[in-house]
Ligand SMILES: [Mg+2]
Ligand SMILES: [Mg+2]
Ligand SMILES: [Mg+2]
Ligand SMILES: [Mg+2]
Ligand SMILES: [Mg+2]
Ligand SMILES: [Mg+2]
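Chains as they are written, first to last, in my numbering: chain A, 1 to 256; chain B, 1001 to 1256; chain C, 2001 to 2256; chain D, 3001 to 3256; chain E, 4001 to 4256; chain F, 5001 to 5256.
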């Protein structure tokens, strides 16, 4: 019976270290999958990645045993179900702002009678196993992103949505949503109100018995988030890692 | 009249800092082209890159103004001419081992009467300019790789091949070729005999009035090579930069 | 005036034998189009197929004269119209659960005043003909999938939606929807209640003067469905055909 | 601070001449971007273009300095935001039929507090600049297509939607929508009622202080539209240009 | 028994009007195949086209019934045989400069005992027919390009190579080869020595009982070439047609 | 230390059952890799597969643990080395007709001092392991195809080429080469002279201490070949399996 590697790590009491892919290429995906992450998320929302690229990326990740997840572009049934049929072990859905949103999300991820996911796990049958249908509802992860003022208002209701496994916090959007343009855009917030918001989400999620993940731009911040009790931390992404490393490399050679 | 940016840098007395692409993707190419390199080489030999990827990578690099070159898979006329018609500002050809090899290489890169390049610069007419045909033979760069024992023996003859602009040293192959399996594989050689070989190539190339480039795996070594008088230094590549950055990132979060 | 080959077969009183593509590749599509099917459906819902693959698959099928249809991922106007502009002779839409759903579907498939399809049949003008605009509303086929308990409840209303050409039954989803997890997942149902449901859909569709198609996993079941009066039967798909043939081939050589 | 080239042309009092891409290829895009247009629109609605092609087309256009826009398939947040993250300087959205539609459109294009665009301009940070986030809301263009009878009824309300930069008229759909099948399909309308409708849209848009663009099938009509005061005129598209030129070329050689 | 459409036209005493593809896209190929050409050549030498694009272009052309040929990058057996296995009805090989070159070319195009073509017509079996193997050697066309001074010297020997169907003249290369840089580059030569060379090739080819094709940049020149007795005339190409039409279109709207 | 799975099977005294891919798609590759074969060969010679497709196919196969090999288009150093850098566990080279051919082949596959393979195993470092360089020469398989009359004449010399691991027999070409057009084309020969030739190759190969593989079109013939002592048998291919299964499926439903 195939098991979701992320659930396994949690069952051992550890936090999950997640990589993030924004370049639409199977070789960079294969490289990232070799670098020690516990899970890898293919970002179809803000990444430069369409369906065709996402699919070969999932194929390229498979051999590593690292659990692939996909952040979908939006709360749309067609896109979400295609990602799962393609063999993702989890879905991260942006901009889940209400209990109704969260219920729709779950309904797209679970088969009847728990939801309305349509049956046809074409690649999942190969990538995960021929018995995929029997384990999918128990093993596939369903994350709702909390990243707007509206989501914060509805947080208690959202986290109690049956079938939801966790919330995932997007600090860039959450900051824009809660504070407008008062602060710089981006991750790794240090403003007290943002720190408070993030901690609050974690507390509310845990109280409801679900997981909490956080998007981070640096190892330092991700490590700190693990100490806070975050269950899954994303550490930077391929674009940022490559850009910073290349810029540093050029600066070094020019300076030396 | 379009000018090769690499020749311009040399005409100003500076060394060229070259980036290296082994991932076959236009977005990672566009990212790398933004990171401060003077030139970028698309590696069709050892990179995971075929013709179709190479072409969109050249397109993605174009806006940066960074000069694109291509390392071709082998000394083959079809492949070399396609790369130039695709808009590369230079060709780096592996395993040029004799004067005859070098003459064949030049003949593929230059139009008659200087060579036998076939006429049809389909994308170069757009990427470089409608007057490409009038400047190509003067501006396009032709590099022969010196990376075998045989090439070392024939070095004096190779560097004097009319129409050759430079030699490019591949330290991994050169080490294998000169020393067999005595040392580790890879770049950034520190063995005295390898240092001597590299310096020798530079001296012989310069004596013949042509340029010398060196492939390096680190900024430190590339910086050192510039102080030796190398005219073009490659600093790592996208695969290595991404791998090291991602591994470091995961290690940091696990350690912190 | 171009004619939809599927309508022609029906007008001759025969049933349509439909192939099904879940591999996103134009060569496998071209192969399947040569194998004797009357129509071929590119499955963008559960198939590992995005827009870019779908398009080249339609191109590869064209020469065969076999009518291409597309199952879209969901009841979404953008996706449905793109498929038709790409030259599909018909659309199969999943999860049409109510009269309102069916009306929206028709509105996406028909031009004003019959619907709200936006005008711009860019490839259809080439694949089907320059007079596509004048025949599209009469010739293009519009199928609503009946595959949930809700759809069964609303069946009488759905089948009477003006502009709908037929219903298409997805037995895997219908079984999940009607019976939960009581039975195995998949096609070729033999449970009396499922047989009854399928027959019921056929009867209701025919009473409303529209067509009824059935998804099948084997030639045996498809042949039986034709005897029931189904107007279009899908017989297996490329993934299943290839998997079974390859597994059998390996088993044979190991056994022999 | 990066500036939208289209706004710059308008600020100089000129009309914008827009090219249109329906072939999903970066080389034809690069060619079109070299031909003198002020802006180029990648048509993801009726063009044979998916996300993956659109992205490389934006990359291929970038070097020209011509402003890229994208017509999206439909009023969908996921698709619209992906296009902007991909580096488009503007979005043209089909079938905006009501004030509510227009408000949703704006909300997908603007960051909070002006809208609900999610933050993550992955390629825009490279294509437009690292300070993209600070200029996006001021510089990115948001066009609503007016092309149905319903949109005409709601025109006054639509054009006054805060954050909307302009309306774009699709004459083929507008003719179908206003007159059914009375006239031929297509652009370059000469019927008095259609001419009146187009002029009316322009007048109402200008009265609200926003721009008006018109889709045209010929240079003659586009030139006429400029004299009417249209702010942006599309002149034919790649498919039509290529088809007409090739047909003419063959006819010439057969006749000569 | 499948017949090469080009041979059929010749058997009727007419000249063949050939289209030329330099954009690597199946939709532009499908468009061009609809425009009235007798044959279409996919240019893998100077076109921006690799193997993967070539293949889908052949698929997209198939439905038109227009005969597809491919110009290969160079006289290389691997590339030539792949093109034929892919379903091309003919091969045009650049830079055939000697009898030995021509014999190698024929040997790559014909099966034993006439040549050394390796057996495996994977797509040709579908595109042309299951009996492809029985007709290939009689029907597939083999063209050698005459475009260098050396080829002119060896012309009498080349045209008499058994199994060669025709010569194809590349005027841009031939001019460079015969006259160096004395004249502008390109097609449609008017210099007396070039006109003489072209006529000479035609005369020698016809005397040997083989065909003569000419690459042209305009309908005027192609029409003239037909009156000279050329058997196949290429008329411009997709890049040139699109560029000229788009530039003209923009110029018209700016002037009007 | 990574081990070639094919060598492991042989070391256990068993024959290797090889699958064959002619469709250029990673999903069909992933499917085939799940069907029980010991190894899978991506056919870049006669398959409809270019470099870009081959690469994603190797990635898709990786997770299965089935050993991937590649048949290259021809005896060309650039192509052969790219395939190995891409992570293939073996190379099958067509048309090796002499000892000199075989020596060139080995030189392209082995690093100095055993050959001239250029160093840069970019993807092999990930697919096979970071210590790839230390095992490549011992583990990578090098097969020469014996499929011409000339190869048969030179067989004794070919099989004794140092560094060659095996010969692979292509019965279609071998039959053409030995008997011209006397017999049908294709595999699974039953003519006594062909049976004798195949047995002879096996005997000579084994006498030289190397392996012998045979290409077969059916499980029956492959099973028989195993009983003859063939070390590796290919059983049909994806195109043939899919075509036969689909044709049979349609025939069944029409007959039933
Ligand atoms: Mg977000
Ligand atoms: Mg090297
Ligand atoms: Mg279903
Ligand atoms: Mg419209
Ligand atoms: Mg030429
Ligand atoms: Mg063979």
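The beta-carbon is built from N, C-alpha and C at its ideal position, and this holds for glycine as well.
I want to verify the contact list: residues of chain E whose CB lies under 9 Å from the CB of residue 3243 (chain D), in sequence order. 4031, 4032, 4034, 4035
Would the beta-carbon of residue 3236 (chain D) fall within 8 Å of that of residue 3020 (chain D)? yes
Residue range of the beta strand (DSSP E) that includes residue 145 (chain A): 141 to 146
What's the C-alpha gap between residue 2083 (chain C) and residue 2072 (chain C)? 8 Å
How would you label residue 1100 (chain B), buried or exposed, when you count the other beta carbons within 10 angstroms and need 16 or more for buried? exposed
Does the separation of the CB atoms of residue 3168 (chain D) and residue 3175 (chain D) fall below 8 Å? no
Is residue 1256 (chain B) close to chain A, meaning its C-beta is less than 8 Å from at least one C-beta of that chain? yes
Three CB pairs or more closer than 8 Å across the stretch 4040 to 4057 of chain E and the stretch 5044 to 5056 of chain F: yes
8 Å Cβ cutoff, residue 2002 (chain C) in contact with chain E: no
Between the alpha carbons of residue 1251 (chain B) and residue 36 (chain A), how many angstroms are there, rounded? 8 Å
Comparing the CB of residue 5147 (chain F) with every heavy atom of ligand 6, is any distance shorter than 7 Å? yes
Nearest-angstrom Cα separation, counted from residue 5074 (chain F) out to residue 5095 (chain F): 7 Å
Contacting residues, own chain, Cβ-Cβ under 7 Å from residue 2064 (chain C) (five flanking each side not counted): 2033, 2034
Would you identify the three-state DSSP class for residue 5089 (chain F), choosing helix, strand or coil? coil
Out of curiosity, what's the CA-to-CA distance linking residue 3199 (chain D) and residue 3179 (chain D)? 17 Å
Taking Cβ-Cβ distances shorter than 8 Å, what residues in chain G pair up with residue 4017 (chain E)? Among the protein chains of the structure shown, namely A, B, C, D, E and F, there is no chain G.
Express the C-alpha separation of residue 164 (chain A) and residue 144 (chain A) in angstroms, rounding to a whole number. 8 Å
I want to check one thing, is the minimum distance from the CB of residue 4119 (chain E) to the heavy atoms of ligand 6 below 7 Å? yes
Using the C-alpha atoms, what's the distance from residue 2157 (chain C) back to residue 2150 (chain C)? 12 Å
Which bits of chain F does residue 2247 (chain C) rub up against, with CB to CB less than 9 Å? 5034, 5035, 5036
From which residue to which residue does the beta strand (DSSP E) around residue 1071 (chain B) run? 1067 to 1071
Examine ligand 1 and report whether any of its heavy atoms sits within less than 7 Å of the Cβ of residue 173 (chain A). yes
Could you work out which residues of chain C lie near residue 123 (chain A), taking near to mean beta carbons separated by less than 8 Å? 2048
Could you tell me the distance, in whole angstroms, from the CA atom of residue 1208 (chain B) to the CA atom of residue 1057 (chain B)? 33 Å
Cutting at 7 Å between CB atoms, please list the residues of its own chain near residue 3105 (chain D), excluding the five before and the five after it. 3075, 3093, 3096, 3142, 3144
Distance CB(residue 1147 (chain B))-CB(residue 1170 (chain B)) smaller than 8 Å: yes
Flag residue 4094 (chain E) as yes when its Cβ comes closer than 7 Å to any non-hydrogen atom of ligand 5, and as no otherwise. yes
Which term fits residue 2012 (chain C), buried or exposed, when burial requires 16 or more other beta carbons within 10 angstroms of its beta carbon? exposed
Return the bridge partner residues of residue 4228 (chain E) from the DSSP annotation. Residue 4228 (chain E) is not bridged to any residue.
Could you check what DSSP says for residue 4215 (chain E) in three-state terms: helix, strand or coil? strand
For residue 2024 (chain C), is the beta carbon positioned less than 7 Å from some heavy atom of ligand 5? no
Given residue 4216 (chain E) as reference, the closest of E:4070, E:4187, E:4227 once Cα atoms are compared: E:4187
Examine chain A for any beta-carbon lying closer than 8 Å to the beta-carbon of residue 2096 (chain C), and answer yes or no. no
By DSSP, does residue 4188 (chain E) sit in helix, in strand, or in coil? coil
With DSSP collapsed to three states, give me the class of residue 96 (chain A). coil
What whole-angstrom Cβ distance do residue 5121 (chain F) and residue 5067 (chain F) have, given they're in contact under 8 Å? About 16 Å; that fails the 8 Å criterion.
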